[in-house]
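The sequence shown runs 463 to 789 under this note's numbering. Glycine is no exception: its CB is placed at the ideal position from the N, C-alpha and C atoms. A short write-up of the structure that comes next.
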Amino acid sequence: MDFNIIRTGRAVLNVVDLDASRDFYVNGLGFIETESDTNNLYLRGLEEHNHHSLHLKKASAPSVEVISYKVYAEQDLDALSSLFAAKGLKTKWLEIGEQHAVGRALRVQDISGLPVEFYAHMDPVERMLQRYDLYKGAKVQRIDHFNCMVPDVEKAYNFYINEMGFACSEYTAAEGEKIWAAWLHRKPSVHDVAFMNGVGPRLHHVGFWLSDQLSLIHACDVLASMGYTTSIERGPGRHGISNAFFLYLRDPDGHRIELYNGDYLTCDPDFKPIRWDINDPRRQTFWGHEAPDSWFNEASVVQDVLTNKTIELAEPTLKQHKPTFVT
Ligand SMILES: [Fe+2]
């Protein structure tokens, strides 16, 4: 590959009420508000030295404008553009100055129809890691990963592994050893992106990394005190897959956010992907709890990178939406 994708970079989400979003993300979860105006809210975690990892845009309805990866160097963008164009997939350039705080960016519709963006530059800002006086709520540290529902996980898996240089850390095998879900990474963690079998393409959640498990439990207390009990969808719990401690939240627009801590290093070249059987209840929640139906059925719709219209949804190729737990 003649390009180098570094890591998950940012999500650009459309929301209907920026004040409601600010209360949830800044007052509740402890994001740093880097900047805002009447139509935009730029948020980052305490550890982050780039302008934002979450860009919320005022819109008439919730949707996902784009999920973004940071690349190593400017020329990586040109190589990625050539790859996507050669595959007959939509591409669009956003030149310097077209987006606030972000350099030249390439947007594509990936093999599953997801709106994906690549950029090399984002404006630097002060890192707040040791501004402990500013820590509040969940004390969110940094963006970690995206999880997407796609109709054909194997197609997405093959494209990201063979064409984009991702590696697989863990996967779920369905009947006939078909891949039901896969966790893929560029940075040396469990994942930058996961694909799950389901109606899609849709964004299931954006994962943010916390420094410890008590921060995650404290977030539940803070959110409950603020009246956000209905935003707590699933957890806290321990994933079998990834070993992470997790909490799933729904923001005021229904976008799902995961608070995440405790995965492991994956940079060794001889690391072997870990297989989970779809009917092993410990893979989702190590302690055996089932996820609520909303977690399987609901996700954020995504936009076409050229028209900004919502992408039509397709039924998954594997008919089994939800695992059947053997008890
Ligand atoms: Fe996740």
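Could you pull the start and end residues of the alpha helix (DSSP H) that residue 480 belongs to?
As a working note, residue 480 is residue 18 in the sequence shown. Boundaries of the alpha helix (DSSP H) around residue 480: 480-484.
CB-CB under 6 Å to residue 474, same chain, minus the five flanking residues each way: which ones, in chain order?
Residue mapping note: residue 474 aligns to position 12 of the sequence shown, counting from 1. Cβ within range, chain order: 517, 527, 528.
Is it buried or exposed, residue 478, if we count other Cβ atoms within 10 angstroms and call 16 or more buried?
Looking up residue 478 in the sequence shown gives position 16. Looking at its Cβ environment, which holds fewer than 16 other Cβ atoms inside 10 Å, residue 478 is exposed.
Please state the DSSP three-state secondary structure of residue 652.
Start at 1 with the first residue of the sequence shown, and residue 652 comes out as number 190. Correct three-state label for residue 652: coil.
Quick one: complete beta strand (DSSP E) runs, 3+ long, within the region 556-643?
567-571, 577-581, 604-612, 629-635
Where does the unbroken alpha helix (DSSP H) through residue 706 begin, and where does it stop?
Taking the sequence shown and counting its residues from 1, one reaches residue 706 at position 244. Premise fails: residue 706 is in no alpha helix (DSSP H) and is neither H nor E.
Based on Cα-Cα distance, which residue from 604, 655, 601, 613 lies nearest to residue 626?
Working through the sequence shown from its first residue, we reach residue 626 at position 164. It is 655.
Taking only the alpha-carbon atoms, compute the straight-line gap between residue 537 and residue 465 and give it to the nearest angstrom.
For the purposes of this step, residue 537 is taken as residue 75 along the sequence shown, with counting starting at 1. For the purposes of this step, residue 465 is taken as residue 3 along the sequence shown, with counting starting at 1. Approximately 8 Å, taken between the alpha carbons.
Quick check: the Cα distance between residue 640 and residue 653, rounded to an integer number of angstroms?
Against the sequence shown, residue 640 aligns to sequence position 178. Against the sequence shown, residue 653 aligns to sequence position 191. Rounded to the nearest angstrom, the two C-alpha atoms are 20 Å apart.
Look at the alpha carbon of residue 621 and the alpha carbon of residue 586, and state the distance between them as a whole number of angstroms.
The residue given as residue 621 occupies position 159 in the sequence shown. The residue given as residue 586 occupies position 124 in the sequence shown. Residue 621 and residue 586 have their alpha carbons spaced roughly 32 Å apart.
Return the first residue and the last residue of the beta strand (DSSP E) that residue 667 is part of.
Counted from its first residue, the sequence shown places residue 667 at position 205. From DSSP, the beta strand (DSSP E) with residue 667 extends over 664-671.
Identify, in the order they occur along the chain, each residue of the same chain with its Cβ nearer than 6 Å to the Cβ of residue 645, setting aside the five sequence neighbours on each side.
Start at 1 with the first residue of the sequence shown, and residue 645 comes out as number 183. Cβ within range, chain order: 631, 632, 652, 653, 656.
Within 10 angstroms of the Cβ of residue 592, are there 16 or more other Cβ atoms? Answer buried if so, exposed if not.
In the sequence shown, the residue the question calls residue 592 occupies position 130. When all chains shown are included, residue 592 counts as exposed.
Just the C-alpha distance for residue 589 and residue 597, rounded to the nearest angstrom, thanks.
Taking the sequence shown and counting its residues from 1, one reaches residue 589 at position 127. Taking the sequence shown and counting its residues from 1, one reaches residue 597 at position 135. If you take the alpha carbons of residue 589 and residue 597, they lie about 13 Å apart.
Residues bridged to residue 659 by DSSP?
One-based indexing of the sequence shown puts residue 659 at position 197. Beta-bridge partners assigned by DSSP to residue 659: 612.
Cα-Cα separation between residue 614 and residue 594, rounded to whole angstroms:
Along the sequence shown, one-based indexing puts residue 614 at 152. Along the sequence shown, one-based indexing puts residue 594 at 132. Answer to the nearest angstrom: the Cα atoms are 44 Å apart.
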